[in-house]
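Below: the structure, in structure tokens.
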Amino acid sequence: MSLETEQINELHWLMEMLHTIDVGLVVLDRQYKIQIWNGFMENHSGLLPREVKDKEIFSLFEEIPKDWFKRKAESVFMLKNKAFTIWEQRPYLFKFQNYRPITGSADYMYQNTTFIPLMSATGLVTHLCLLIYDVTDNAINKQELEKLNGELGILSQTDGLTKLFNRSHWESCLQAEFKRWTRSQSASSLVILDIDHFKNVNDTYGHTVGDNVIRHLSSLIKQHVRETDISGRYGGEEFVILLADTPLENAQIFAERLRKEVAQSIVKHNDIDLSYTISLGIAEIDPSIKTYEEWIEHADAALYCSKESGRNKVSVHSKV
19 MSLETEQINE LHWLMEMLHT IDVGLVVLDR QYKIQIWNGF MENHSGLLPR EVKDKEIFSL
79 FEEIPKDWFK RKAESVFMLK NKAFTIWEQR PYLFKFQNYR PITGSADYMY QNTTFIPLMS
139 ATGLVTHLCL LIYDVTDNAI NKQELEKLNG ELGILSQTDG LTKLFNRSHW ESCLQAEFKR
199 WTRSQSASSL VILDIDHFKN VNDTYGHTVG DNVIRHLSSL IKQHVRETDI SGRYGGEEFV
259 ILLADTPLEN AQIFAERLRK EVAQSIVKHN DIDLSYTISL GIAEIDPSIK TYEEWIEHAD
319 AALYCSKESG RNKVSVHSKV
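Going by our numbering, the letters in the sequence shown line up with residues 19 to 338, in that order.
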């Protein structure tokens, strides 16, 4: 075999490899006109090499942001260095449909792209090579993992029965609010409440009905609080609500509104119609309170006053 024949064969093998590899390969000239278009690009775009040859890439693929792409490409032409874009920055360069059954949840192919300068024999960059990698599997797996981690994070902060924050989380929020108050001195109020005669509910109707009452109260709390408020389960039938940036007077209005709605509500379970009431205690943060635990104690003392003076009422911690 002659040297020339060997070189022809090697060139043939090279072109065959570039055409069949499972990576998109596009070569553009300085006017962004397509010179090489391999099998990957043909299969996913539906356009043959002869159909795209000498066509400006932007005229064929309107989804490519022209200004962004040119800035990226020109830096490669000028600096003679590679450049990259990953799917987290831009989901795709070419809007190809995703046909892979494993990642059927993705409508389009997620892509990583490498921009490679191609130099002539004189050392000038005359062409730009794009390598398009299908990273849909990795992208979907990462998104699902992040979603799962987010859900696990929420679960770790949430009370299972009420779906309000659990004690560990709301207490850490309260501690953070106390520290914020020491800097800003902005009014905040803490509400502690519990269900009146809850033991009688459990003893009379059973724990299933008792759990329904707790869920009912937690749903009413969710309806009344703002997005900036922190509501959680203290334990058993007892709840806390942190009303940030809320003075005592506004906290009393909030608590009284919640108390009235609870008293007017009916919990239904099979053929049982059950009404119940709540007692509430409020403490506004002030300079006499030295720790967040003391803030809880003040609100708890106000709740105790409500219990001792007849229940189904709102009491306020009196400042000394």
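Note that beta-carbon positions come from the ideal geometry of N, C-alpha and C, so glycine has one too.
For residue i, name the three-state secondary structure that DSSP assigns.
| i | result |
| --- | --- |
| Glu106 | coil |
| Gln270 | helix |
| Leu298 | strand |
| Asn130 | strand |
| Thr350 | Here the chain has residues from 19 to 338 only, and residue 350 is not among them. |
| His62 | helix |
| Asp221 | helix |
| Tyr322 | helix |
| Thr144 | strand |
| Glu315 | helix |
Would you tell me roughly how many angstroms separate the C-alpha atoms of residue i and residue j, rounded to the nearest one?
| i | j | result |
| --- | --- | --- |
| Lys90 | Asn99 | 11 Å |
| Trp105 | Ile52 | 23 Å |
| His335 | Gln161 | 48 Å |
| Ser283 | Asp229 | 16 Å |
| Leu208 | Arg329 | 19 Å |
| Val219 | Gln129 | 59 Å |
| Ser174 | Lys84 | 45 Å |
| Lys71 | Lys165 | 42 Å |
| Asp339 | Val227 | Residue numbering for the chain in the displayed model covers 19 to 338; residue 339 lies beyond these limits and cannot be assessed. |
| Leu266 | Tyr223 | 37 Å |
| Thr295 | Glu279 | 9 Å |
Please return the same chain residues whose Cβ sits closer than 6 Å to the Cβ of residue i, not counting the five positions on each side in sequence.
| i | result |
| --- | --- |
| Cys191 | Ile248 |
| Ile134 | Lys100 and Cys147 |
| Asp47 | Gln53 and His145 |
| Asp177 | Asn184 and Arg251 |
| Ser293 | Ile284 |
| Ser333 | Gly299, Ala320, Cys323 and Ser324 |
| Ser327 | none |
For residue i, collect the residues of the same chain with a Cβ closer than 7 Å to its Cβ; drop the 5 residues on either side in sequence, then sort them by chain order.
| i | result |
| --- | --- |
| Val15 | It is not possible to answer for residue 15, since the shown part of the chain is limited to 19 through 338. |
| Tyr275 | In the sequence under discussion, the amino acid at residue 275 is Arg, which differs from the Tyr named in the question. Only His242 meet the Cβ criterion. |
| Glu195 | Ser206, Leu260 and Ala262 |
| Tyr110 | Tyr126, Met127, Tyr128 and Gln129 |
What's the call for residue i, buried or exposed, on a 16-neighbour Cβ count within 10 Å?
| i | result |
| --- | --- |
| Val41 | exposed |
| Asp221 | exposed |
| Gln203 | exposed |
| Thr309 | exposed |
| Glu255 | buried |
| Trp188 | buried |
| Gln115 | exposed |
| Ile271 | exposed |
With a CB to CB cut of under 8 Å and the five nearest residues on each side skipped, what residues in its chain are close to residue i?
| i | result |
| --- | --- |
| Gln49 | Glu74 |
Original post:
What are the complete alpha helix (DSSP H) segments, minimum 4 residues, inside the region 183–207?
Top reply: 185–202
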